[in-house]
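These notes are about the structure you will find just below.
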Amino acid sequence: MREHGFVDLSARLLPLIDDGPTRLSDAVQVATAAAQHGTDFVVLTPRYQDHAYVDRRAQCESAFALLRQQLAERGLALDLALAGTCRFDASLQQAIMRDEVPWLGHFGSDRVVLIEVPKTRLPKAFEQAVAWMRRQHVRPRIAGAEHNHELAKHPERLRALIDHGALVQLCADSLAGGRGPFAQATAQQMLVQGTVHVLASEGSDLGTRPPWLEPGRTAAAALVGEDVAEALVFHTPAQIASFHFPQLTLL
737 MREHGFVDLS
747 ARLLPLIDDG
757 PTRLSDAVQV
767 ATAAAQHGTD
777 FVVLTPRYQD
787 HAYVDRRAQC
797 ESAFALLRQQ
807 LAERGLALDL
817 ALAGTCRFDA
827 SLQQAIMRDE
837 VPWLGHFGSD
847 RVVLIEVPKT
857 RLPKAFEQAV
867 AWMRRQHVRP
877 RIAGAEHNHE
887 LAKHPERLRA
897 LIDHGALVQL
907 CADSLAGGRG
917 PFAQATAQQM
927 LVQGTVHVLA
937 SEGSDLGTRP
947 PWLEPGRTAA
957 AALVGEDVAE
967 ALVFHTPAQI
977 ASFHFPQLTL
987 L
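This is the structure in structure tokens:
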């Protein structure tokens, strides 16, 4: 029996930042719901893109400080950390070399960066870029894989990315059916094929993008068993997130 609740490695709860809540009070409400549904640790992952890493970090840190202050004043037992989701574009390699990337955490001795892929095709030279990152001791963690039509049709391409060092994140709500039948079927296929490392909520509201993990964990357990499901929502996320939450290092 683990001592802590879920570790959510990707949520967008920063108020007025990309698709996060539109008000600070709404962000507090969503964070409270996450805690009530069994989450103890959340890494916030606002989007970064277009050469604006330094400016974006300052903007996100300001919103993060406000949210964390509000949660502390309410005594909410939810630990937050700030990272980010990166777009695969020309600026990403430079940001990695300059150490400007909003690192998600560590996986072994490697740093982890969260990269969102588009819904149609993989970007050109993506596999080569993943191999380059691995040589820099960087592990890209791919978000949105279950929405990508190329990966759904050609699962061997996802396996090739993993062989080059990529990690794969699925949205827990996709696996539970909340993001539509295509995303659910693709998520199930990837999970059964053993090409998934983490489930995250990717939550931002209490409607269509909820911040909880249990429905996805339950769906995963039905497909691949309780032990694998626990690894997806706690053990592997805890290993990565210990970069932000030192108390997880001891687990």
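Residue numbers for the sequence shown, in my numbering: 737 to 987.
Glycine is no exception: its CB is placed at the ideal position from the N, C-alpha and C atoms.
Give me the residue from P951, D941, A974, P973 with the minimum Cα distance to L760. Of P951, D941, A974, P973, the residue nearest in Cα terms is D941.
Just curious, the beta strand (DSSP E) that Q905 is in, first and last residue? Where Q905 is concerned, the enclosing beta strand (DSSP E) stretches over 903-907.
ask   = Taking the DSSP output, what are the residues bridged to C822?
value = Beta-bridge pairing links C822 to Y784, I851.
**Prompt:** DSSP three-state call for P876: helix, strand or coil?
**Reply:** For P876, the secondary structure class from DSSP, reduced to helix, strand or coil, is strand.
Self-check item: Cβ pair count under 8 angstroms reaching 3, the region 921-937 against the region 878-896
Solution: By the Cβ rule, the region 921-937 counts as touching the region 878-896, because three or more pairs are nearer than 8 angstroms.
**OP:** State the beta-bridge partners of A936 as determined by DSSP.
**Re:** Answer is C907.
- Residue burial classification, A956 (beta-carbon count within 10 angstroms, cutoff 16): By the neighbour-count criterion, in which 16 or more other beta carbons inside 10 Å mark a residue as buried, A956 falls on the buried side.
| task | List the DSSP bridge partners of L816. | result | Answer is V778, bridged to L816.
Query - Residues bridged to H971 [DSSP beta-bridge criterion] - result: According to DSSP, which records beta bridges pairwise, H971 is partnered with nothing at all.
Inset, instruction - Would you decide whether A771 is buried or exposed? Buried here means 16 or more other CB atoms lie within 10 Å of its CB. - result: The residue in question, A771, is buried, as its Cβ has 16 or more Cβ neighbours within 10 Å.
task = Classify S746 as helix, strand or coil using the three-state DSSP reduction.
result = In this structure, S746 counts as strand in the three-state DSSP scheme.
Q. If you follow the alpha helix (DSSP H) that H885 is part of, which residue opens it and which one closes it?
A. Taken as a continuous stretch (DSSP letters only), the alpha helix (DSSP H) holding H885 covers 885-889.
- Query: Any idea which residues DSSP pairs D846 with across the strands?
  - Reply: Partner(s): F843.
Practice item. Less than 8 angstroms between the CB atoms is what I'm expecting for C822 and L850, so what's the real figure, rounded? Key: About 6 angstroms separates the Cβ atoms of C822 and L850, confirming a contact at the 8 angstroms cut-off.
Practice problem: Flag this pair as touching only if the region 783-797 and the region 978-986 have three or more C-beta atom pairs under 8 angstroms; answer yes or no. | Solution: The region 783-797, when compared against the region 978-986, does not touch it at the 8 angstroms Cβ threshold.
Considering only their Cβ atoms, is the gap separating D815 from P973 smaller than 9 angstroms? The answer is no: Cβ separation not under 9 angstroms.
Less than 9 angstroms separating the beta-carbons of L840 and A799? Result no, Cβ atoms of L840 and A799 do not sit closer than 9 angstroms.
Own chain residues within Cβ distance below 6 angstroms of V837, not counting five before or after
In chain order, A831, V849 place their CB closer than 6 angstroms to the CB of V837, counting only its own chain and leaving out the 5 sequence neighbours on each side.
Check: If R953 and A908 are in contact, beta carbons under 8 angstroms, what's the gap, nearest whole angstrom?
Finding: With a Cβ gap of about 7 angstroms, R953 and A908 count as contacting.
Checklist entry - Can V764 and R810 be called in contact, C-beta distance under 9 angstroms? => result Going by C-beta atoms, V764 is nearer than 9 angstroms to R810.
Original post:
Hey, quick one: how far does the alpha helix (DSSP H) through S798 stretch, first residue to last?
Top reply: 789-809 is the span of the alpha helix (DSSP H), which, as asked, contains S798.
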